[in-house]
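Going left to right, the sequence shown walks through residues 2 to 261 as this note's numbering numbers them.
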Amino acid sequence: MQKPGSLLFLLPNLFTVSSIFCGFYAIIQVVDGSWESRFFRAAIAIIFAVIFDSVDGRVARMTKTQTEFGIQLDSLADIISFGLAPAMIMYKWALEPFGLIGMLTAFVYIACGTLRLARFNVIATREKRPPKYFIGLPIPMAAMFLVSLVLLHHRSGGGELRPQPLMILVMVLLSGLMVSQIRYRSAKQIKHRRRACSALFLTLLLTLVAAWKTSLSLVLVVGCALIVSMGPMEELVRLLRRRLTTHDDDKVEENKEETV
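Here's what the structure looks like:
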């Protein structure tokens, strides 16, 4: 176990700070930029922020340098990189023509993301092991889905998006999923079994083939949409199973009463 004063403790935090820089860079691009590619650059910055965010936790576990400070720093970074930055991108890209409604939509996204991160911090502090499920849609995945739409639009010509009320619905839906009680599987609990590794390798191979045959941005949108919808679909399956189990138990009780 490394001592708290070791320079090794700085390593995961450097990745977290890099994620903050990516979020800051994305905000600068959409606020201060006037070139057509500013939304594309901002979206790419958020993708790099997702990569840095996924690496910092793994580095901390590998080097055994997990700290309470790191958990809090990671959440603060997520608010900037996956809350404020994507909200600014979406506001300047698609929501600004809607005036107050567009501004409130972006704010609701930031507020729900912040609430979701606060709840995660409480659970992470209480639980000693990494959770098997995340409660609510993780905010990096919500941000990833939003910027994937920007990248797909850039491939078709780029620039600002014409007023699309559907984007308001998308952001409200993502905001609701973040603060919901819907469970999403955590990759931290995936065991390194042969079947799991084979499935992961096959998925990556199919993704690369699909990206080569179509476009990476389209594959990214479809992949993010599947992950976002996976939580509600699994909750629906659990609900149906509980109802079927309850129905079967009631039938067993009825048969016992008739026998008696």
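Cβ coordinates follow ideal geometry from the N, Cα and C atoms, glycine included.
Classify residue i: buried if its beta carbon has 16 or more other beta carbons within 10 angstroms, exposed otherwise.
i	result
Tyr134	exposed
Thr17	buried
Pro164	exposed
Phe83	buried
Ile47	buried
Val238	exposed
Pro13	buried
Val220	buried
Gly232	buried
Gly137	buried
Phe202	The predicted model places Phe202 with a pLDDT of 47, which falls under 50 and marks its position as unreliable, so this point remains unresolved.
Phe53	buried
Ile124	exposed
Ser38	exposed
Ser218	buried
Gly24	buried
Ala119	exposed
Leu85	buried
Using only the heavy atoms of the ligand NAP, determine whether one of them is closer than 6 Å to the beta carbon of residue i.
i	result
Met104	For the ligand NAP, the structure offers nothing, since it holds no ligand at all.
With distances taken from CA atoms, which of the options is nearest residue i?
i	options	result
Met168	Val148, Arg184 and Ser187	Val148
Val31	Phe83, Leu74, Trp94 and Leu12	Trp94
Pro87	Tyr26, Gly137, Ser55 and Asn122	Tyr26
Ile102	Leu170, Ile136 and Ile45	Leu170
Pro166	Gly71, Leu96, Gly24 and His155	Leu96
Met104	Gly58, Gly114, Gly232 and Met91	Met91
Thr126	Leu245, Thr246 and Gly71	Gly71
Leu240	Cys225, Arg184 and Asp33	Arg184
Phe41	Gln67, Leu85 and Ser157	Ser157
Met172	Met89, Ile45, Asp75 and Arg186	Met89
Val151	Lys65, Ala226 and Ala43	Ala43
Ala226	Gly100, Ala143, Gln182 and Leu11	Ala143
Glu69	Thr246, Met234 and Glu128	Glu128
Gln182	Phe99, Ala107 and Glu236	Glu236
Between which two residues does the alpha helix (DSSP H) containing residue i stretch?
i	result
Phe25	Leu11 to Asp33
Ser181	Taken as a continuous stretch (DSSP letters only), Ser181 belongs to no alpha helix (DSSP H), as it is neither H nor E.
Pro164	Note, Pro164: premise wrong, no alpha helix (DSSP H); not H, not E.
Ala43	Arg39 to Met63
Gly71	Glu69 to Asp79
Thr115	Leu101 to Arg127
Ser149	Ile140 to Arg156
Ala88	Ala86 to Met91
Taking the beta strand (DSSP E) that residue i belongs to, which residues open and close that run?
i	result
Phe135	Tyr134 to Ile136
Arg186	Arg184 to Arg186
CB residue i to CB residue j, shorter than 7 Å?
i	j	result
Val265	Leu175	Outside the displayed range of the chain (2 to 261) lies residue 265, so it cannot be described from this structure.
Gly117	Ile140	At residue 117 the sequence reads Arg, which differs from the Gly that was named. Contact: yes.
Cys113	Val56	no
Phe146	Val229	yes
Ser19	Ala78	no
Ser187	Asn122	no
Compare the C-beta of residue i with all C-beta atoms of chain C and state if any pair is closer than 7 Å.
i	result
Glu235	You won't find chain C in this structure, because it holds only one protein chain.
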